[in-house]
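So the sequence shown is numbered by my numbering: it starts at 2 and just counts up by one.
The beta-carbon is built from N, C-alpha and C at its ideal position, and this holds for glycine as well.
In this text the structure is predicted, and so the values were computed from the model without any measurement.
Scroll down for the structure; my scribbles are underneath it.
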Amino acid sequence: MSTPQIGRLVVCGVGLIGGSFAAALKRAGQVGEVVGMGRRPESKREALSLGLIDRTESDWATALDGADLVLLAMPVGQMDAVMAQLVPHLATTTVVTDAGSTKVDVAAAARRHFGTRVSQFVPGHPIAGAERSGPQAARADLYEGRRVVLTPLPENTDAAIARVRDAWVACGALLTTTTPEHHDRWLASVSHLPHLLSFALVSELAGRPNAEEIFSLAGGGFRDFTRIAASHPEMWSDIFLANREALLSELTAYEHELARYRTLIEQGDRAGIEEVLGVAREARTAWAQRQG
């Protein structure tokens, strides 16, 4: 049997994202030991019982001893505090990466806390989330054929980037590389805005006096559009605030498009409505075909 590419992996946040990363590397035979860290003891115990991790730790000095790779898989709002705790115990040979949905803020936190050692931190983001969370939601196949975006820093060494890239490839992921700034603008439009809209629709309907009746009549379209409104509130509030400028820009653009649709409907402009719907349909169909 070949030697695993990662002798010891530390995962901070052993839920869907972190647990699936560990499970995928275990299945691929590319990790020797997985150490679980996190703020919730019950989550660590559950991850241990499910075999996602091999042991749990509560202090960074012990957890990082002999670690080759660290994945920070907690909500982005916790990154700053966790980095402050781990950096004093970090060996020069250990590479740290993250799975945060925003990258500009995470890169800035890394520069604050890693300082001259920021070359050891390689930012990343697996675009493979789901509305379910916790260790019980983790799957070894979560990243197969899914996109993972790396946003390396200028200080990163080729070896550090390769360690992170190779780990994701072993999980079956498809890799894309860009800058933190481009990542956040891109994700604001195709991830953060859709989540905001889904949450907003459900909260607006839930606040109506006849909400129960409305929901009883909801069908497949409502289910599909609002599935992501079942996502973790803490994680998404962190994302909305961390990427607020890009998200607000996308929200303004969306409001303008809604205004255009409203005007067409108010004017009874059937031809205009069919035209904008047709453009949207063609774009959605083309995107789906590219996804295979």
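Practice problem: State the Cα-Cα distance for the pair H183 and V280, rounded to the nearest angstrom. | Solution: Computed Cα separation, rounded: 26 Å.
Exercise. Answer yes or no: do A109 and V119 have a C-beta to C-beta separation smaller than 8 Å?
Key: Result no, Cβ atoms of A109 and V119 do not sit closer than 8 Å.
Quiz prompt | G30 - DSSP class collapsed to helix/strand/coil | solution = Under the three-state reduction of DSSP output, G30 falls in the coil class, being neither helix nor strand.
Quiz item: With a cut-off of 8 Å, do at least 3 Cβ pairs link the segment 50–69 to the segment 197–217?
Solution: Not touching, per the Cβ criterion.
Exercise. For the beta strand (DSSP E) holding T253, just list the boundary residues, first then last.
Key: In the DSSP annotation of this structure, T253 is not part of any beta strand (DSSP E); the continuous alpha helix (DSSP H) holding it starts and ends at R245 to E267.
Self-check item: DSSP bridge partner residues for H126 (one or two, in chain order)
Solution: For H126, which the question treats as bridged, DSSP gives the partners V150.
Quiz prompt | Straight-line gap, M80 to R164 (C-alpha atoms, nearest Å) | solution = Distance between the alpha carbons of M80 and R164 is about 21 Å.
Exercise. Indicate whether the contact test is met: 3 or more Cβ pairs, each with one atom in the segment 146–157 and one in the segment 175–193, closer than 8 Å.
Key: The segment 146–157 makes contact with the segment 175–193, as at least three CB pairs between them are under 8 Å.
Quiz item: I162 lies in the alpha helix (DSSP H); which residues open and close that run?
Solution: Start and end: D159 to A171.
Quiz item: Measuring CB to CB, does L51 end up less than 8 Å from P136?
Solution: In this structure, P136 lies closer than 8 Å to L51 by Cβ.
Quiz item: Roughly how many angstroms lie between the CA atoms of G116 and R228, to the nearest whole one?
Solution: So the alpha carbons of these two residues sit roughly 40 Å apart.
Quiz item: Under the DSSP definition of a beta bridge, which residues are partnered with R56?
Solution: When beta bridges are read from the DSSP output, R56 appears opposite V36.
Quiz item: So F241 packs on H193, CB below 8 Å; how close in whole Å?
Solution: With a beta-carbon spacing of about 7 Å, F241 and H193 fall inside the 8 Å limit used to define contacts.
Quiz item: Ends of the beta strand (DSSP E) at I7?
Solution: Per DSSP, I7 is one residue of the beta strand (DSSP E) stretching across I7 to C13.
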